[in-house]
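Here the structure is laid out as structure tokens; the discussion comes afterwards.
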Amino acid sequence: MLYLAQLENRLRRATESPALFLCDNICRICMCKWYPARSTLDQASHSEIVERMKIRIHRGTRQIGGTCIEVAAESAPGRIVLDLGLPLDADTDALHTLMPNVPGLHDAGDDLLGVLISHPHQDHVGLVHDIHPTIPIGIGAAGQRILDRAAEWLDRPKLEGRPLIHWQSGQPVTLGPFTITPLLVDHSAYDAYALLIEADGQRLFYSGDFRGHGRKAKLFERLLANPPRDIDVLMMEGTVIGRDGEGESFPTEAKLECECVDAFNSAEGLRLVWTSTQNIDRIITLYRAAKRSGKRLVLDAFTAEMLAATENPNLPQPDWPNIGVYVPEWMRRKIARDKAFDKLEPFKPSRVYLEQLDPAADILLFRPGLLKELIAKAPLAGAQLVYSNWLGYLEDDANQPVRDWLSKNAIPTRYIHTSGHASVPDLRRFAAALAPKKLVPIHSFHGDRFDELFANVDRRDDGEWWPAGNRESTSWRS
Ligand SMILES: [Zn+2]
Ligand SMILES: [Zn+2]
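In my numbering, the protein residues as written are 34 to 511.
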């Protein structure tokens, strides 16, 4: 009876979820219908074959951004999703067309156990607000607070109130047949994790986005010195593969700090720095460089809010010396509209008005959306810009007004930046230390080049099911 009940249960799962597959063959050992249709498979090891974690990358085998991976266990009902991101070129007016075809995301199918987010960059988390509200979401607590604080200001839905699992580095979490161990990594996003997934006696390591030359480089070296063992599958990002200077090591944040000190000391007019508001490592670099130059770093209030959302007392806060905060027009309007005047309270100790900036003593964080306001109010004569982002972003159509303004006013621009992603030499060290049985490219436009750089590469396609184990399989597509 027990056997029949198990069989029925499996059949129900397979029928309900394309994550599990049915084939025309019936197994000659236990008569179940889950036996892959390959005559060459060893019948004696069938139990090993049927209880096998399977993986399907929905987006990411041939692109950076929009990452989404589905993992299905076989030993007990259950699937998890790793990251649910927006593609970099996403048409935000048609978000509903971008949701990957993962059963249960909209109706919380009972074997979908959770959506597990590696870090709070939009290309990994951008679609998570659209899933059914009962699906558990795994994410770092600070990452969630950063997203929610931004959502509050932008009138977008928050994650607060949903079932949340907060990552703690090195602390395993059990979800049905899965054991998930998050490991804090060095990345340009705050609170970023790699995820070790164990199920069906197999081990999958998803690198998320990471690097080895940022302010948390020690985490990278520690992982290399004591890597997780017996990794069946490593899904590793390869953002920088194919970019200029791919064989080189990247400058550290400490090196950037020195360059910024030089740039801040040598400029005559107001110094502007254009960087991402989410790049907390870089904000620290700018703060330290400003302090070393004897100057004040002036943040817009949105960036100050992101820093506050980390709840990390070691990061620059509005009441620190050498910090100024100005409240942009759009935030002032929102505060007035919501009658939420208490939101101005945290900025009071260091509130600055653009008209009052001192070109000789201030460094202003620049954001393209604030260009008009800066032109109208800030003392920009003789201003100089430090560009501290990926160069490709400068070419973005949305940044045309900034490019026009820079060229029309002949504003000297200096490029001081380092990647948020691992260099190829660091990727190679990482892959060698983990020594996976299979290395599957993800988060790269150049998965075809992994073979030249790493051992045991197994390139996969978006939408294809494949087993975590080493044995070659049929191609399971739903
Ligand atoms: Zn990414
Ligand atoms: Zn990222």
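C-beta atoms are modelled at their ideal positions from N, C-alpha and C, and glycine is treated no differently.
Review point. Can you give the Cα-Cα distance for L217 and G93, rounded to whole angstroms?
Key: 21 Å
**Study point:** Minimum length 4: unbroken alpha helix (DSSP H) runs contained in the region 338-384
**Key:** 362-371
**Study point:** Distance cut-off 7 Å: H476 Cβ against heavy atoms of ligand 1
**Key:** yes
Practice item. Taking only the alpha-carbon atoms, compute the straight-line gap between A394 and R329 and give it to the nearest angstrom. Key: 6 Å
**Study point:** Beta-carbon proximity list for P260, same chain, < 7 Å, skipping 5 on both sides
**Key:** A466 and L467
Check your understanding: If we call anything under 8 Å between Cβ atoms a contact, is V266 one with L237?
Key -> V266 is a Cβ neighbour of L237, given a cutoff of 8 Å.
Check your understanding: In terms of residues, what are the limits of the beta strand (DSSP E) holding A320?
Key -> Inspection of the sequence shows that residue 320 is occupied by Tyr rather than by Ala. It is not in any beta strand (DSSP E) - Y320 instead sits in the alpha helix (DSSP H) that spans I313 to R325.
Check your understanding: Which value, in whole angstroms, describes the spacing of the CA atoms of L146 and G496?
Key -> 20 Å
Check your understanding: Rounded to a whole number of angstroms, what is the C-alpha to C-alpha distance between G241 and E388?
Key -> 42 Å
Check your understanding: Using a Cβ-Cβ cut-off of 6 Å (strictly less than) and excluding sequence neighbours within five positions of L229, which residues of its own chain qualify?
Key -> T214, F238 and P261
Exercise for review: Using the Cα positions of M364 and Q201, report the straight-line distance between them to the nearest angstrom.
Suggested key: 33 Å
Review point. What are the boundary residues of the alpha helix (DSSP H) that L119 is part of?
Key: Unbroken run through L119: none, as it is neither H nor E.
Point to revise | Nearest neighbour of D352, chosen from V331, H157 and A183 [CA to CA] | key: V331
Practice item. Using the Cα positions of L121 and A127, report the straight-line distance between them to the nearest angstrom. Key: 14 Å
Check your understanding: Just how far apart, CA to CA, sit T167 and R195?
Key -> For T167 and R195, the distance between alpha carbons rounds to 7 Å.
Exercise for review: Assign R71 to buried or exposed, taking buried as 16 or more other Cβ atoms, counted over all protein chains shown, within 10 Å of its Cβ.
Suggested key: With a pLDDT of 34 at R71, under the threshold of 50, the modelled position of that residue is not reliable, and the figure given next carries that caveat. It counts as exposed.
Exercise for review: At 3 residues or longer, and completely inside the region 78-159: list those beta strand (DSSP E) runs for me, N to C.
Suggested key: 87-92, 101-105, 112-117 and 145-149
Check your understanding: DSSP three-state call for A232: helix, strand or coil?
Key -> strand
**Study point:** Classification of R255 by the beta-carbon crowding that lies within 10 angstroms, buried from 16 upward
**Key:** By the 16-neighbour rule on beta-carbons within 10 angstroms, R255 is exposed.
Review point. Between A98 and D143, is the Cβ-Cβ spacing less than 8 Å?
Key: In the sequence as presented, Ala is not what sits at residue 98; that position holds Gly. Here G98 is not near D143, since their CB atoms are 8 Å or more apart.
Exercise for review: Please work out which residues of its chain come closer than 6 Å, Cβ to Cβ, to A342, disregarding the five sequence neighbours upstream and downstream, and give them in chain order.
Suggested key: R178, I179 and R182
Point to revise | Inter-residue spacing [alpha-carbon to alpha-carbon] between P354 and P346 | key: 14 Å
Check your understanding: Hey, is the region 319-327 in contact with the region 286-294, meaning 3+ C-beta pairs nearer than 8 Å?
Key -> Yes, since at least three Cβ pairs between the region 319-327 and the region 286-294 fall closer than 8 Å, the two stretches touch.
Check your understanding: Using CA coordinates, which residue listed in E485, L160 and G327 is at the minimum distance from T130?
Key -> Nearest in C-alpha terms to T130, of all of E485, L160 and G327, is L160.
Check your understanding: Alpha carbon to alpha carbon, what distance is there between Y226 and T212?
Key -> Rounded to whole angstroms, T212 to Y226 spans 15 Å at the Cα level.
Review point. So does H152 have its beta carbon nearer than 7 Å to some heavy atom of ligand 2?
Key: yes
Review point. Per DSSP, T212 forms a beta bridge with which residues?
Key: T207 and E231
Check your understanding: Taking 7 Å as the cut-off, does the CB of G159 come closer than this to any heavy atom belonging to ligand 2?
Key -> G159: no, Cβ never under 7 Å from ligand 2.
Practice item. Return the first residue and the last residue of the beta strand (DSSP E) that L267 is part of. Key: V266 to E270
Check your understanding: Taking buried to mean at least 16 other C-beta atoms within 10 Å of its own C-beta, is I516 buried or exposed?
Key -> Because the chain here runs from 34 to 511, residue 516 falls outside it and cannot be looked at.
Review point. Exposed or buried, Y448, counting other C-beta atoms within 10 Å across all chains shown (16 or more means buried)?
Key: exposed
Review point. Nearest to V151 by alpha carbon, out of A373, V473 and S221?
Key: According to the sequence shown, residue 151 is Ser rather than Val. When each option's Cα is compared against that of S151, the closest is S221.
Check your understanding: Who does G173 pair with in a DSSP beta bridge?
Key -> W200
Check your understanding: Does DSSP put F238 in a helix, in a strand, or in coil?
Key -> strand
Review point. Which residues in the same chain as S421 place their Cβ atom closer than 7 Å to its Cβ, once the five residues preceding and following it in sequence are excluded?
Key: Correct list, in chain order: V306, W307, T308, R315, I449 and H450.
Point to revise | Beta-ladder partner(s) of A225, from DSSP | key: Per DSSP, the beta bridge partners of A225 are V218.
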